[in-house]
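Take 3 as the starting number for the sequence shown in the working numbering and just add one per residue.
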Amino acid sequence: MIKLFVGLGNPGPDYEYTRHNAGFWWIDALARELKTSLVPERSYHGLAARVNVHGESVWLLEPQTFMNLSGKSVASLARFFKIQPQEILVAHDELDIPPGQSKLKFGGSHAGHNGLRDIHAQLGSADYWRLRIGIGHPGVKAEVANWVLKKPAPDQRTLIEDSIVHTLKAHTAMLAGDMEKATQMAHTTKPQRPKPPRPAPVPVATPEGPAAS
């Protein structure tokens, strides 16, 4: 089962609603679902909450170290409570997935994400779960740093929030240790726009026949 849920982001009001903080948004939503609140935990360099699920302690964590040092917070808590990498799930923003879609995966590379890069280094392992929350790509590599630190347009934010709501449905399977089911439940696709109704057929006028004599 997942014993440590981590959301990645940057602390402070300047970053609160930026794309890079999608992981924080997910943890905030999970905290509401579990009826708990995150509080500062200096020992773990972040905001944290502990809940009891099936007799097990489960942690929620938002590192306050800034994105590039996220691993310091994650590793501090995981090591103290002897939580193994495979019992950790990290929710983070994902450039390669469009807004409105999310994917759950286990292991793999950090793909250039600096938060994941530091978690890899601090845990000494890539064998943890990731919830990849789509934020889309600006289309130009040189614009990526600026893109992730900006707020999404209202329509994109709505898609991201809808995806978060959908993926939260998988948290019970995660807590039960059924990650196959959680993976199926968490995957989301961009909602299809409803097709406009077909126009009603226009009646074709027919010429009148000759009058009866």
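Glycine is no exception: its CB is placed at the ideal position from the N, C-alpha and C atoms.
Proximal residues to residue i (C-beta, below 7 Å), its chain only, five neighbours per side dropped
i: residue 46; result: 63, 75, 78, 79
i: residue 136; result: 96, 99, 100, 101, 102, 103, 104, 165
Cutoff 6 Å; reference residue i; Cβ partners in own chain excluding five residues on either side
i: residue 176; result: 4, 184
i: residue 149; result: 140
i: residue 158; result: 101
i: residue 138; result: 100, 101
i: residue 125; result: 77, 87
Beta-carbon gap between residue i and residue j smaller than 7 Å
i: residue 106; j: residue 112; result: no
i: residue 90; j: residue 6; result: yes
i: residue 29; j: residue 48; result: no
i: residue 19; j: residue 153; result: yes
i: residue 38; j: residue 53; result: yes
i: residue 73; j: residue 121; result: yes
Residue i (DSSP reduced to helix, strand or coil)
i: residue 113; result: coil
i: residue 140; result: coil
i: residue 65; result: strand
i: residue 85; result: coil
i: residue 156; result: helix
i: residue 90; result: strand
i: residue 73; result: helix
i: residue 171; result: coil
i: residue 78; result: helix
i: residue 178; result: helix
i: residue 59; result: strand
i: residue 98; result: coil
i: residue 4; result: coil
Whole-Å CB distance - residue i paired with residue j, under 8 Å assumed
i: residue 51; j: residue 33; result: 6 Å
i: residue 133; j: residue 93; result: 4 Å
i: residue 68; j: residue 13; result: 7 Å
i: residue 161; j: residue 22; result: Not really, about 16 Å apart at Cβ, beyond 8 Å.
Same chain, Cβ closer than 8 Å to residue i, neighbours up to 5 away in sequence not counted
i: residue 109; result: 128, 129, 130
i: residue 35; result: 170, 173
i: residue 1; result: The structure shown does not extend to residue 1, since the chain spans only 3 to 215, so no value can be given for it.
Min CB distance residue i to chain D below 7 Å
i: residue 22; result: The structure shown has no chain D; it contains just one protein chain.
For the stretch 6–38, list the beta strand (DSSP E) runs that are entirely contained and at least 3 residues long, ordered along the chain.
If we require 3 residues or more, the beta strand (DSSP E) runs fully inside the stretch 6–38 come out as 6–9.
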